[in-house]
Amino acid sequence: MKRKARVALAFQGGGFPAGAVAAGAVRRLVEEGAFVDHDIHAFSGTSAGALVAAACWGHTLKGSVAELPDILKRQWLHFAWGMVPNAGVARTEQLLDSLGRLNPLYDAYSANIVQPFLRYLMKEWVLAYIPVEELRSLRDRAERVPGLALGAADVLTGDIKVFTERDFSLEALLASGSLDEINGLTRIEDGPNQGVYCDGAWGTNPPLVPLLDYGVDEIWLVQHFPKRREAIPQSPAERKDRKDELWQNALVEHELHFIGKVNEWLASGQLRNDAGRYRPVTVKTMPMRKDLPSGSAFVNSPSFIEEMMAYGHEQAAIFL
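For reference, each letter of the sequence shown is one residue, going 327 to 646 in the numbering used here.
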């Protein structure tokens with residue numbers, strides 16, 4: 327019987343649309359039997375991608391992958407309240423928030439009242455779809471545990487942190503997945519992961535090189551930030567978003583370059599592989615082909631979230 331290709335799924339973060347696109351893509355993968363035809367047994371993500379990766383990891387661990395499409399749909403529609411109905415409103419709210427922070431009273435109100443409340447909502451949201459303690463208990467009893475790599479960044483040490491399945495916790499998910507300007511910084515007070523973390527996208531988005539440790543044959547990367555754009559960014563907001571896209575994709579390109587070098591070293595015999603630990607890894611990318619307007623990362627209207635899910639579903643069909 328032919329061995330199934332061992333695959334890792336990696337999800338790039340980038341706010342509500344990134345999570346919605348990834349949710350739509352996973353739905354198509356489940357519908358098309360990708361989890362049956364392949365040994366999809368490692369997951370990676372940062373920020374919104376970390377929440378999708380953790381949900382996939384948990385349902386793979388439980389053997390309930392068929393439930394993933396419904397879980398992920400409900401996860402990304404959970405906050406579809408429509409308070410930020412479009413990108414224009416998002417840009418206006420960001421501008422007003424920046425102006426408000428010039429007032430020390432507003433800044434204190436935000437730090438001591440708004441951020442703690444939003445952080446509480448974030449915790450409730452995560453636990454509603456990712457039962458952390460149940461999964462930790464199941465992980466500790468399982469014979470075969472899927473791989474997990476969640477990207478984060480320590481703001482004090484400057485270290486890029488990757489939380490693995492051994493580190494899986496609510497704090498790890500918050501360190502990777504919560505926007506610090508909205509929910510505040512994540513502090514892990516003790517243990518090997520002690521540190522102060524901001525949104526993981528500032529460090530690695532998503533972690534790819536750590537997936538080599540799971541003996542995968544292929545990495546399937548669901549990308550949120552478009553590499554190419556048709557229109558030249560004109561406004562300051564458009565130029566800022568484009569710089570963010572270039573920078574986020576540069577993080578990915580560096581990791582892809584390293585994986586490519588490892589493949590070269592294996593092919594040429596420069597990398598000794600006596601124990602068979604390493605193998606050539608093929609990276610296949612589902613690119614973002616839409617030019618999303620600046621500020622779209624914060625848009626939470628139901629129609630926009632569903633549009634992004636449909637886009638991910640469509641692009642995953644092309645990918646497969």
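Beta carbons are placed, not taken as given, at the ideal position from N, Cα and C, and that holds for glycine.
Contacting residues, own chain, Cβ-Cβ under 7 Å from residue i (five flanking each side not counted)
{"i": "residue 466", "result": "none"}
{"i": "residue 341", "result": "374, 623 and 624"}
{"i": "residue 553", "result": "575 and 613"}
{"i": "residue 435", "result": "none"}
{"i": "residue 565", "result": "559"}
{"i": "residue 509", "result": "441, 444, 445 and 448"}
Those residues which DSSP pairs with residue i across a bridge
{"i": "residue 524", "result": "479"}
{"i": "residue 490", "result": "475"}
{"i": "residue 610", "result": "546"}
{"i": "residue 336", "result": "370 and 547"}
{"i": "residue 508", "result": "BP columns for residue 508 are empty, so no partner."}
{"i": "residue 513", "result": "522"}
Residue environment, residue i, which counts as buried when at least 16 other CB atoms sit within 10 Å
{"i": "residue 487", "result": "buried"}
{"i": "residue 546", "result": "buried"}
{"i": "residue 439", "result": "exposed"}
{"i": "residue 596", "result": "exposed"}
{"i": "residue 520", "result": "exposed"}
{"i": "residue 386", "result": "buried"}
{"i": "residue 537", "result": "buried"}
{"i": "residue 367", "result": "buried"}
{"i": "residue 346", "result": "buried"}
{"i": "residue 402", "result": "buried"}
Closest Cα partner of residue i within the set the options
{"i": "residue 350", "options": "637, 329 and 558", "result": "637"}
{"i": "residue 625", "options": "405, 477, 645 and 583", "result": "405"}
{"i": "residue 616", "options": "336, 344 and 330", "result": "344"}
{"i": "residue 454", "options": "506, 400 and 410", "result": "400"}
{"i": "residue 645", "options": "548, 372 and 628", "result": "548"}
{"i": "residue 393", "options": "642, 456, 434 and 448", "result": "456"}
{"i": "residue 418", "options": "563, 642, 492 and 504", "result": "563"}
{"i": "residue 512", "options": "621, 478, 598 and 355", "result": "478"}
{"i": "residue 501", "options": "372, 581 and 433", "result": "372"}
{"i": "residue 568", "options": "580, 550 and 583", "result": "550"}
{"i": "residue 381", "options": "503, 588, 523 and 642", "result": "503"}
{"i": "residue 390", "options": "497, 621, 356 and 586", "result": "356"}
{"i": "residue 506", "options": "422, 522, 517 and 579", "result": "522"}
{"i": "residue 517", "options": "493, 571, 476 and 468", "result": "493"}
{"i": "residue 485", "options": "528, 609 and 460", "result": "528"}
Three-state secondary structure (DSSP) of residue i
{"i": "residue 622", "result": "helix"}
{"i": "residue 544", "result": "strand"}
{"i": "residue 367", "result": "strand"}
{"i": "residue 530", "result": "coil"}
{"i": "residue 391", "result": "helix"}
{"i": "residue 329", "result": "coil"}
{"i": "residue 631", "result": "helix"}
{"i": "residue 439", "result": "helix"}
{"i": "residue 584", "result": "helix"}
{"i": "residue 385", "result": "helix"}
{"i": "residue 404", "result": "coil"}
{"i": "residue 495", "result": "coil"}
{"i": "residue 468", "result": "coil"}
Beta-carbon contacts of residue i that lie in its chain and below 6 Å, excluding the five residues immediately before and after
{"i": "residue 619", "result": "413"}
{"i": "residue 639", "result": "350, 353 and 354"}
{"i": "residue 555", "result": "617"}
Neighbourhood of residue i by C-beta distance below 8 Å, restricted to the same chain and skipping five residues each side
{"i": "residue 330", "result": "363, 364 and 365"}
{"i": "residue 491", "result": "383, 465, 471, 472, 473 and 474"}
{"i": "residue 541", "result": "332, 603 and 605"}
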